[in-house]
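>
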Amino acid sequence: MLRIVMILCAGTFSLNSFAQPTKEQKKELKASQNYLSEAQESLQKDEFPTAEADYRQAISLNPKSETAKYNLGTAYYGKEKNAEAMLRFKQAATTESSKNEKHKAFHNLGNTYMNEKKYTEAVESYKNALRNNPNDDETRYNLALAKDMLEKNPPPPEDKDDKNKDQNEDKKDQDKKDQQDKDDKNKEGDKGDEKEDKDKGDQKEDKKEGDQGKPDKPKDEEGDKPQQQQPVPGQLSPQQVKSLLEAMNNEEKKTQDKINAEKQKGAKVKTDKDW
């Protein structure tokens with residue numbers, strides 16, 4: 001099981017003070033210090049909700065107090081509230097002026113990153129801790145551990161290519177802008193087409209009004225050419241009926257002539273004498 005060394009602090013930070021605090025400011029600083037003490041006592045009694053509330057009161061009265069932020073982060077870390085602890089350690093690490101205290105804040109910040117398996121950020125945090133205290137063996141141990149985990153669990157390639165990601169985003173934005181310009185241009189063209197269609201429609205209306213009073217053309221005429229009657233499917237035209245009747249008459253005549261000829265051949269010839 002991996003062992004991450006945690007640096008604890010029990011209110012050893014020095015409170016920030018104003019150059020010339022006013023009476024009201026002195027009162028707030030004193031109240032903040034009292035809340036810090038009460039929070040520490042509550043933690044010892046395992047009364048975390050009370051301790052958390054006291055730390056928040058201390059920070060509210062003295063926002064520049066790195067002590068309250070760091071100790072609250074440590075309290076969160078002990079209760080496995082990693083995200084809350086990370087936030088407080090970040091605040092303490094960025095605002096603390098003492099190298100020794102910055103070292104502690106960065107060290108524990110690295111621990112929260114390790115818990116989140118953010119090994120790249122953990123390595124950077126431990127390095128920052130060693131920059132403020134190069135002789136701390138515990139930080140050096142945690143740094144070696146973070147580097148080993150980072151080597152075994154490298155970040156995805158896309159996370160390393162931020163520049164290309166930015167370029168792709170820029171290209172998408174440009175394409176979006178170009179498409180918007182194109183759409184705007186098409187809208188202008190559509191407006192022009194609508195105006196042209198409207199003008200043509202007005203011209204047709206004017207022409208229609210000018211044609212009023214003239215006699216309408218016969219329905220069977222189109223221009224100056226007479227319209228031919230179209231045959232109805234399944235119905236013979238008058239010409240076809242006439243031709244069919246003539247053919248039937250001719251066929252009947254031929255048949256009658258043939259019958260007459262047969263009669264002539266079959267008739268008996270009478271002699272002058274009766275035998």
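In case it helps, full-length UniProt numbering puts the sequence shown at residues 1 to 275.
Just so you know, even glycine gets a beta-carbon here, dropped at the ideal spot from N, CA and C.
1) How close, in whole Å, do the beta carbons of Ala68 and Leu36 come, if the pair is a contact with beta carbons under 8 Å?
2) Nearest to Lys102 by alpha carbon, out of Thr120, Glu124, Glu66?
3) Have a look at residue 286 and Lys172 and give me their C-alpha separation to the nearest angstrom.
4) Quick check on the burial criterion: 16 or more other C-beta atoms within 10 angstroms. Buried or exposed for Arg88?
5) Closer than 6 Å by C-beta to Leu143: which residues in its own chain qualify, once you throw out the five before and the five after it? Chain order, please.
6) Say whether the segment 145-152 touches the segment 119-135, bearing in mind that this needs 3 or more beta-carbon pairs closer than 8 Å, one atom from each stretch.
7) What residue does the alpha helix (DSSP H) around Lys127 start on, and which one ends it?
8) Ignoring anything shorter than 4 residues or poking outside the segment 20-54, list the alpha helix (DSSP H) runs there in chain order.
9) Would you report the Cα separation of Asn128 and Pro134, rounded to the nearest angstrom?
10) For Glu138, report the span of its alpha helix (DSSP H) as first-last.
11) So what's Ser97 in DSSP terms, helix, strand or just coil?
12) I need the boundaries of the alpha helix (DSSP H) containing Lys69, first residue and last residue.
13) Helix, strand or coil: which one does DSSP assign to Glu221?
14) If you drop the 5 nearest sequence neighbours on each side, which residues of the same chain put their C-beta closer than 6 Å to that of Asp224?
15) If contacts are defined as beta-carbon pairs under 8 Å, then Glu52 and Ala75 qualify, I think. What distance do you get, rounded to the angstrom?
16) Using the Cα positions of Glu221 and Gln240, report the straight-line distance between them to the nearest angstrom.
17) Does DSSP put Asn250 in a helix, in a strand, or in coil?
18) When you compare the CB positions of Asn62 and Asn115, do they come within less than 8 Å of one another, or not?
19) Return the CA-CA distance between Ser60 and Lys152, expressed in angstroms with no decimal places.
20) Does Lys217 pass the burial test, meaning 16 or more other C-beta atoms within 10 Å, or should it be called exposed?
According to the structure shown:
1) 6 Å
2) Glu66
3) The question about residue 286 has no answer here: the residues shown for the chain are numbered 1 through 275.
4) buried
5) Tyr126
6) yes
7) 119-132
8) 23-44
9) 10 Å
10) 137-152
11) coil
12) 66-78
13) Any reading at Glu221 must be qualified, since the residue scores a pLDDT of 46, below 50, and its modelled position is unreliable; the value itself is stated next. Of the three classes helix, strand and coil, the one that applies to Glu221 here is strand, per DSSP.
14) Low local confidence applies: a pLDDT of 48 at Asp224 is under 50, so the model's placement there is unreliable, and no value is given.
15) 7 Å
16) Confidence in Glu221 is poor, its pLDDT being 46 and thus under 50, which makes the residue's placement too unreliable to answer from.
17) helix
18) no
19) 42 Å
20) Because Lys217 sits at a pLDDT of 49, beneath the cut-off of 50, its placement in the model cannot be relied upon, and the following sentence gives the value as read from the coordinates. The residue is exposed, with fewer than 16 neighbouring Cβ atoms inside 10 Å.
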